[in-house]
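For reference, the structure discussed in these notes is given below.
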């Protein structure tokens, strides 16, 4: 999956989103999404990269947990046939919940 394809998929969620971070000083209300590709996972054969996948993180930030919104995001991931793991944490410094989806694409 290319960065453009990932961006297009995330746009289907219908929330404000950005790659890695929003511009400094940008006043943003939740819910919003940040996504990141922190690394590539390469498979080698014959001393070369045979194929490569990207580690993708999609993080939903909300003031309160929103199971209906989480379900919508999960449905979009299923529609794209993407296996994911999910983790939720409270980000004290931001006073927001972070629901993080980790996957390989």
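Numbering (the numbering used here), first residue to last: 413 to 517. Glycine is no exception: its CB is placed at the ideal position from the N, C-alpha and C atoms. Computed from a predicted structure; not experimentally measured.
Taking the straight line between their C-alpha atoms, what separation do you get for residue i and residue j?
i: residue 456; j: residue 467; result: 17 Å
i: residue 512; j: residue 419; result: 16 Å
i: residue 452; j: residue 504; result: 30 Å
i: residue 465; j: residue 415; result: 12 Å
i: residue 417; j: residue 493; result: 14 Å
i: residue 474; j: residue 458; result: 46 Å
i: residue 447; j: residue 425; result: 12 Å
i: residue 515; j: residue 469; result: 7 Å
Measuring CA to CA, which of the options is closest to residue i?
i: residue 444; options: 464, 515 and 481; result: 481
i: residue 476; options: 413, 428, 429 and 509; result: 509
i: residue 429; options: 485, 463 and 479; result: 485
i: residue 517; options: 437, 500 and 490; result: 490
i: residue 413; options: 434, 438, 463 and 437; result: 463
What does the Cβ neighbour count give for residue i, buried or exposed, with the cut at 16 atoms within 10 Å?
i: residue 472; result: buried
i: residue 460; result: exposed
i: residue 440; result: exposed
Can you list, in chain order, the residues of its chain with a C-beta nearer than 6 Å to that of residue i? Leave out the 5 residues immediately preceding and following it.
i: residue 498; result: 513
On the DSSP letters alone, give me the boundaries of the beta strand (DSSP E) that residue i sits inside.
i: residue 451; result: 444-457
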